[in-house]
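Each remark here refers to the structure printed beneath this line.
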Amino acid sequence: MDLHLEQKRVLVTGGSSGLGAAIVKAFADAGARVAINYRSKPEAAAALADACRHTAAGRPITVHADIADAQAVDGMFEALDQAWGGIDVLVNNAGIDGEHALAWEADAQAWGRVIDVNLKGAFLCAHHALRRMVPQRSGVILNTTSVHETIAWSGYSAYCASKAGLTMMGRTLAQEAAPHGVRVLSLAPGAIRTPINRDVWEDPEGHADLMRKIPLGRMGEPEDIADMAVVLASHAARYMTGTTVFVDGGMTDYPDFAHGG
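Written as structure tokens, this is what we have:
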């Protein structure tokens, strides 16, 4: 199957590590030109770009920006304009969990930072992407949400609110952009084996608890998400918009109910 991604211009926010890095590699392997957005650790972004330099589209570019900062996002898209003259695919991947805190114990500023990065930052990037995609009457925006767009998670109200909000924002943008040939989708990972949750999957009790929540009986790997991201952005998904695709091993199938209510 030809995914029609050769030379497509793809920006991956939070692309220097974890899920973002796997998504960068997958798009590069598909022949796309990729921009790796990072907020910190430029050396990690550069190392990833070097690792992808032998792909068909050549070495990815790296672009620094805190996506919660409107001026920084302005500058990032100006850099893409200079390098590429536009954008074809935006992967809104950057996000943070925030600190665990029950609502009545939470620090309001810390709570707001999660919303700023996960929701406001995604909007700022989508705003700029759509301003370029709508006139060219083509493009895809893919928002990385989470199973926690629908499953509550005590202690992480900001994270859940941001991911649920991101889904509804994406559906609204899809409605607005569809007449202009632009698709908007959400990709919702479950429990994925990345450094950010190493303390859970390296702990025997934590790992056993996760396995009870996943019908397929294993954690996801970053490549499980990255491969689906490529498919959703490609010609293969050309009739999909305004919906969420869950890649979670069945976590949202509520496995606790497998043995009765």
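At position 259 of the sequence shown the residue is numbered 258 (numbering that gives the first Met the number 0), and the sequence of numbers has no breaks. Beta carbons: idealized from backbone N, C-alpha and C, even for Gly. The structure presented is a predicted model; accordingly, all values stated were derived computationally and were not measured.
| Check | Outcome |
| --- | --- |
| If you scan the region 35–84 from start to end, which runs of the alpha helix (DSSP H) of 4 or more residues do you find wholly inside it? | 41–50, 69–83 |
| Using only the alpha-carbon positions, how far apart do P41 and G219 sit? | 27 Å |
| Considering just the uninterrupted stretch of the beta strand (DSSP E) at F245, what are its terminal residues? | 243–246 |
| Let me make sure I understand the geometry here. Which of Q81, S39, A25 has the alpha-carbon closest to that of A55? | A25 |
| On the criterion of 16 or more Cβ atoms from any shown chain inside 10 Å, does E175 qualify as buried, or is it exposed? | exposed |
| How far does the alpha helix (DSSP H) with T171 in it extend, from its first residue to its last? | 156–176 |
| How long is the line joining the alpha carbons of A29 and H258, rounded to whole angstroms? | 42 Å |
| Could you tell me which of A46, D115, V88, L4 sits nearest to S15, measuring between CA atoms? | A46 |
| Could you spell out where the alpha helix (DSSP H) holding P134 opens and where it closes? | 120–135 |
| If you follow the beta strand (DSSP E) that I140 is in, where does it begin and where does it stop? | 138–143 |
| Where does L215 fall in DSSP's three states? | coil |
| Buried or exposed, going by whether 16 or more other CB atoms sit within 10 Å of the CB of Y158? | buried |
| Can you give me the start and stop residues for the alpha helix (DSSP H) that P221 sits inside? | 221–232 |
| Please give me, in chain order, every unbroken run of the beta strand (DSSP E) with length at least 3 that falls completely inside the region 182–206. | none |
| Per DSSP, V33 is paired with what? | V9 |
| Tell me the residue span of the beta strand (DSSP E) that contains L18. | Note, L18: premise wrong, no beta strand (DSSP E); alpha helix (DSSP H) at 17–28. |
| Buried or exposed for D223, going by 16 or more other Cβ atoms inside 10 Å? | buried |
| Over what stretch of residues does the alpha helix (DSSP H) that includes V113 continue unbroken? | 107–114 |
| Is A44 near R58, with beta carbons less than 7 Å apart? | no |
| Straight-line CA distance for S156 to P188? | 18 Å |
| So the beta strand (DSSP E) L2 belongs to, where does it begin and stop? | No beta strand (DSSP E) contains L2, which DSSP labels as neither H nor E. |
| Please say whether G180 and S233 have beta carbons closer to each other than 7 Å? | no |
| Beta-carbon within less than 8 Å of G316's beta-carbon, same chain only, minus the 5 sequence neighbours each way: which residues are those? | Residue 316 is absent from the structure shown; the chain starts at 0 and stops at 260. |
| Can you pull the DSSP bridge partners for N91? | N142 |
| Are three or more beta carbon pairs between the region 70–90 and the region 117–128 nearer than 8 Å? | yes |
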